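Residue numbers (our numbering): 60 to 265. This report concerns only the one structure given below.
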Amino acid sequence: MDGASLEAIAQIARSCGAYVLCDEVYRGTDQEGNGFTASVADVYEKGISTGSMSKTWSLAGLRVGWIVAPVDLIHRVQIHRDYNTISVGMLNDLLASIALENRTAILERNHGILRTNLSLLDAWIAKEPLLSYVKPKSGTTALVRVDADMRSRDFCVALIEKTGVMFTPGSALDVEGYVRIGYTNNRDVLVTGLARVSDFLRDIAR
Ligand SMILES: Cc1ncc(COP(=O)(O)O)c(C=O)c1O
């Protein structure tokens with residue numbers, strides 16, 4: 060969501076004093092520029108931003124994240140957190156710090172994967188007559204419409220059984236007729252997988 064959209068939401072929230080909590084775990088994965096869109100905590104005095112090492116920094120296993128919010132709210136969060144967790148793992152905290160100190164190198168690597176792989180996916184979809192989508196501006200997945208006389212779950216089960224490629228059925232996300240494709244895996248795996256899907260699509264078109 061760009062800064063202008065967040066400002067518009069902040070204006071509505073301000074009119075009734077509401078907090079706005081924004082899950083910003085994908086912040087940093089934009090296809091354009093430095094990858095970072097606006098953060099609600101910067102845009103709105105009652106904005107609550109949460110983020111983590113899991114997506115932009117590729118370090119989901121560290122289980123480290125953060126929250127930026129008004130100070131009184133942070134105090135309440137702190138008390139709750141102290142009660143149920145006490146502390147983040149110290150080694151995880153250290154590794155997350157090392158990663159963030161080397162943010163430029165990690166971002167360069169990850170933007171390379173995000174942007175090259177999406178352009179591969181984009182070119183592939185353009186050539187597939189049964190597929191269409193709105194090209195993502197950010198993130199690591201694409202929601203792709205499949206023009207086939209098959210429910211998305213049946214499509215995905217047949218796909219994984221015949222080709223070993225796994226997509227998420229749109230029905231799991233309440234959008235029947237679509238599949239969700241994660242495209243930020245290893246480049247060769249992506250290219251090989253998409254070629255297998257092409258064969259599968261040709262089979263079902265017959
Ligand atoms: C939109 C979104 N928010 C949050 C998370 C969870 O992040 P974490 O594992 O760092 O808590 C995920 C992970 O799948 C996600 O997709």
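In this text, a Cβ means the ideal position worked out from N, Cα and C, and glycines have one as well. Nothing here was measured: the structure is a model prediction, and the numbers come from that model.
Reduced DSSP category for residue i - H, G, I as helix; E, B as strand; rest coil
{"i": "D7", "result": "No answer is possible for residue 7: the residues shown for the chain start at 60 and end at 265."}
{"i": "T251", "result": "helix"}
{"i": "S98", "result": "coil"}
{"i": "T175", "result": "helix"}
{"i": "T222", "result": "helix"}
{"i": "T227", "result": "strand"}
{"i": "G106", "result": "strand"}
{"i": "V234", "result": "coil"}
{"i": "T163", "result": "helix"}
{"i": "E66", "result": "helix"}
{"i": "L118", "result": "coil"}
Residues that residue i bridges to, as DSSP identifies them
{"i": "A201", "result": "I240"}
{"i": "L190", "result": "V205"}
{"i": "S111", "result": "G124"}
Beta-carbon proximity check, residue i vs residue j, cutoff 9 Å
{"i": "V84", "j": "V99", "result": "no"}
{"i": "G198", "j": "T88", "result": "yes"}
{"i": "G62", "j": "T96", "result": "yes"}
{"i": "Y103", "j": "R73", "result": "yes"}
Closer than 8 Å: residue i CB and nearest ligand 3 heavy atom
{"i": "R239", "result": "Ligand 3 is absent from the structure shown, which contains only ligand 1."}
Note to self: Restricting to runs no shorter than 3 residues, where is the beta strand (DSSP E) found entirely within the region 123-161?
What the structure shows: Counting only runs of 3 or more, we get 124-127.
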